[in-house]
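> Structure in structure tokens, see below.
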């Protein structure tokens, strides 16, 4: 099995958020598309599919994969990553992806095509996932270069 740093997910995450300029560019793109879709400036189903389904699902998978790679006893800002381990992590990932898919389908079909749900799916969720992924990416790199004995950052 390849080390995590040689996996496709790590490479893609590095391309998305590997440095500050890429992170700001992707955050700006998500913000512009999210605002445009939330305020119905553009109601393209392609935007909903790419930025409302594929992007959040991909970012969610990346976040959970980075959490899996960090030590279970790592405490970050008073938050332990222990609850995100084992089968619980898989169920949480499946639940999160299912919620994203359900929201996308209901927005596309019309029952949840309101500003709050469009803004949540197209703006707030991708921004939070991108910021969270950047945070986990930095923690992973710091931990790989300088692991602390008590696993606290």
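Residue numbers (my numbering): 125 to 277. Glycine included, every Cβ here is placed at the ideal spot set by N, Cα and C.
What residue ranges within the region 179 to 258 form continuous alpha helix (DSSP H) runs of no fewer than 4 residues, ordered along the chain?
Qualifying alpha helix (DSSP H) stretches, in chain order: 179 to 193, 210 to 233, 239 to 243.
> In this structure, does DSSP put residue 163 in helix, strand or coil?
Taking the first residue of the chain shown as 1, we reach residue 163 at position 39. Coil.
> With H, G and I counted as helix, E and B as strand and the rest as coil, what does DSSP make of residue 269?
Along the chain shown, one-based indexing puts residue 269 at 145. Looking at residue 269 - three-state DSSP - the assignment turns out to be helix.
> Going by beta carbon distance, what residues of the same chain come within less than 8 Å of residue 159, once the five residues before and after it are set aside?
Walking along the chain shown from the start, residue 159 turns up at place 35. Counting only Cβ-Cβ distances below 8 Å, and skipping sequence neighbours, we find 165, 247.
> Please go through the same chain and pick out, in chain order, the residues whose beta-carbon is closer than 7 Å to the beta-carbon of residue 221, but skip the five residues on each side of it.
To locate residue 221, count along the chain shown from 1; it is residue 97. Closer than 7 Å at the Cβ level, and outside the excluded window around residue 221, lie 181, 184.
> Between the alpha carbons of residue 210 and residue 147, how many angstroms are there, rounded?
As a working mapping, residue 210 is identified with position 86 in the chain shown. As a working mapping, residue 147 is identified with position 23 in the chain shown. Taking the straight line from one Cα to the other gives about 29 Å.
> Should residue 141 and residue 258 be called a contact, given that it needs their Cβ atoms to be closer than 7 Å?
By one-based count along the chain shown, residue 141 stands at place 17. By one-based count along the chain shown, residue 258 stands at place 134. Yes. Within cutoff.
> Starting from residue 140 and walking both ways along the alpha helix (DSSP H), at which residues does that stretch end?
For the purposes of this step, residue 140 is identified with residue 16 of the chain shown, where counting begins at 1. Counting along the chain, the alpha helix (DSSP H) containing residue 140 begins and ends at 132 to 141.
> In three-state terms, what does DSSP make of residue 152?
The residue you call residue 152 lines up with position 28 of the chain shown. Helix at residue 152.
> Classify residue 127 as helix, strand or coil using the three-state DSSP reduction.
Position 3 of the chain shown, counted from the first residue, corresponds to residue 127. Note: residue 127 maps to coil in three-state DSSP.
> Which same chain residues end up closer than 6 Å to residue 245 when comparing Cβ atoms and leaving out the 5 residues on each side of it in sequence?
The count along the chain shown starts at 1 and reaches residue 245 at position 121. These residues qualify, in order along the chain: 176, 227.
> For residue 208 versus residue 191, is the C-beta spacing smaller than 7 Å?
By one-based count along the chain shown, residue 208 stands at place 84. By one-based count along the chain shown, residue 191 stands at place 67. Yes. Within cutoff.
> Considering residue 177, what are the terminal residues of the alpha helix (DSSP H) in which it resides?
For the purposes of this step, residue 177 is taken as the residue at position 53 of the chain shown. Note, residue 177: premise wrong, no alpha helix (DSSP H); not H, not E.
> Please identify the residue among 136, 152, 167 whose C-alpha is closest to the C-alpha of residue 233.
Walking along the chain shown from the start, residue 233 turns up at place 109. Of 136, 152, 167, the residue nearest in Cα terms is 167.
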